[in-house]
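Have a look at the structure below, then the notes.
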Amino acid sequence: MRLIHILLALLVAAIWGFNFVVIRVGIDAMPPLMFSALRFLFAAMPLVFFVPRPAVPWPLLLAIGFILGVVKFGLLFVGMHVGLSAGLASLVLQSQAFFTVILASVILGERPRSMQIIGILVAFCGVALVALTVDADVTITGLLLVIAAAFAWSLSNLLMKKAAGANMLHLMIWISLIPPLPLLALSALFEGGGNDLAALLQLDWKAIGAVAYIAYGATIIGFAIWGRLIAIYGAGRIAPFSLLVPIFGMGSSALFLGEEFGPLRLLAALLVIFGLVLTVLRFPHKTVQQRGQS
């Protein structure tokens, strides 16, 4: 890969990692479901009028938009709101990679590699260690909600496979049209329409900046660069850079939010990240004949 493209892939991983710090800022300023709705509303408007709809059937587009936008991000934002720190959320959410492998095996009949099975077991040991560190920053409810968000993300991954070949940026913009109304309705129902209105009337520049960052930075800019790199090099060479997202997430959370990671949480992070490496990367192997010749 060219150096500029490596730097761009690192930039996207950093943008997506820092995104969890911005989410924390946003959900501290407004109800989490409303914040999620605004994220997608701003990501879709006004770009959807200038971007052609990808060649994806409407039922598939609606399904991806609902599961990814409403379920996954709704659970993530609420989970962080009720009790999961930004750094740990960036780590736990990566369990979507393991759920994807499991679901692909069960639903699509894709046989996981032995390294993937080992990686899944190692990573879930790390997630279990996170559960042992319950305190003011981590609640069991928050942890379970973010794990559920990761599971929803894995379901959307399987649906995204059916949209293979579509322009990723165009797909994300059109998908962003779907979540705002359901999320606003859920926010009015569970968070209170009066609270939503009060939050909107009291928005400051920090809250507006949080919405703008996750809508345009993490979604539009991030996926535009990511999609372009995949078009040049293929998903197999670009996807491993996503392993850096929880590292950037935990690092930026420690730097900007003062999040502390004790020995148990650091061990949990190492197990999850090592599990991700085993699950995502393909390691070269020698044939029997090659081993005999070496």
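Take any residue in the sequence shown, count from 1 to its spot, add 32: that is its number in the working numbering.
Built from N, CA and C at the ideal position, the CB exists for glycine as well.
- Gly-119 is positioned such that its CB atom lies closer than 8 Å to that of Phe-293.
- C-alpha of Leu-176 to C-alpha of Ser-186: approximately 15 Å in a straight line.
- In this structure, the beta-carbon distance from Ala-181 to Leu-70 does not fall below 8 Å.
- Excluding the 5 residues flanking it on each side, Gly-158 has same chain C-beta neighbours closer than 6 Å at Ala-300, Leu-303 and Val-304, in chain order.
- In this structure the region 33-49 does not touch the region 86-93; the number of beta carbon pairs closer than 8 Å is below three.
- In the DSSP assignment, Ser-284 falls within the unbroken alpha helix (DSSP H) covering 277-289.
- Along the region 202-270, the alpha helix (DSSP H) occurs as fully enclosed runs of 4 or more residues at 212-219, 225-233, 237-244, 254-265 and 267-270, listed in sequence order.
- Cβ contact annotation for Ala-76 (same chain, cutoff 7 Å, sequence separation greater than five): Ile-205, Ser-208 and Leu-209, in chain order.
- In this structure, Ile-152 and Gly-307 form a Cβ contact; the two beta carbons are roughly 7 Å apart against a cut-off of 8 Å.
- The three-state secondary structure of Leu-310, taken from DSSP, is helix.
- Relative to Ile-253, the option among Lys-194, Trp-48 and Ile-38 whose CA is nearest is Trp-48.
- Taking C-alpha positions only, Thr-132 is separated from Asn-189 by approximately 7 Å.
- Under the 8 Å Cβ criterion, the region 38-46 does not count as touching the region 207-227, having fewer than three qualifying pairs.
- In the three-state DSSP reduction, Val-166 falls in the coil class, being neither helix nor strand.
- Non-local beta-carbon contacts of Arg-85 in its own chain, meaning distances under 6 Å to residues more than five positions away in sequence, involve Trp-206 in chain order.
- Between Gly-259 and Val-277, the alpha-carbon positions lie close to 16 Å from each other.
- Going by C-alpha positions, Ile-246 is about 10 Å away from Gly-58.
- Membership of Val-114 in the alpha helix (DSSP H) is indicated by the continuous run 105-115.
- Of the candidates Pro-63, His-37 and Gly-283, the residue whose Cα lies closest to the Cα of Gln-234 is Pro-63.
- Between the alpha carbons of Asp-167 and Gly-268 lies a gap of roughly 38 Å.
- Ala-263 counts as exposed, since fewer than 16 other beta carbons sit within 10 angstroms of its beta carbon.
- In the structure shown, Val-304 falls within a helical segment according to DSSP collapsed to helix, strand and coil.
- Exposure of Ser-146 is indicated by the presence of fewer than 16 other C-beta atoms within 10 angstroms of its C-beta.
- Look at Leu-140 here: in three-state DSSP terms it is coil, with no helix or strand label.
- Per DSSP, Leu-120 is one residue of the alpha helix (DSSP H) stretching across 118-124.
- Cβ neighbours of Phe-183 within its own chain (closer than 6 Å, five residues either side excluded): Phe-131.
- When secondary structure is reduced to three states using DSSP, Met-33 falls in the coil class, being assigned neither helix nor strand.
- One alpha carbon belongs to Ile-150, the other to Leu-310, and they sit about 7 Å apart.
- The three-state secondary structure of Gly-158, taken from DSSP, is helix.
- Apart from sequence neighbours up to five positions away, the residues of its chain that approach Phe-156 with a beta-carbon distance below 8 Å are Ser-127, Phe-130 and Gly-307, ordered along the chain.
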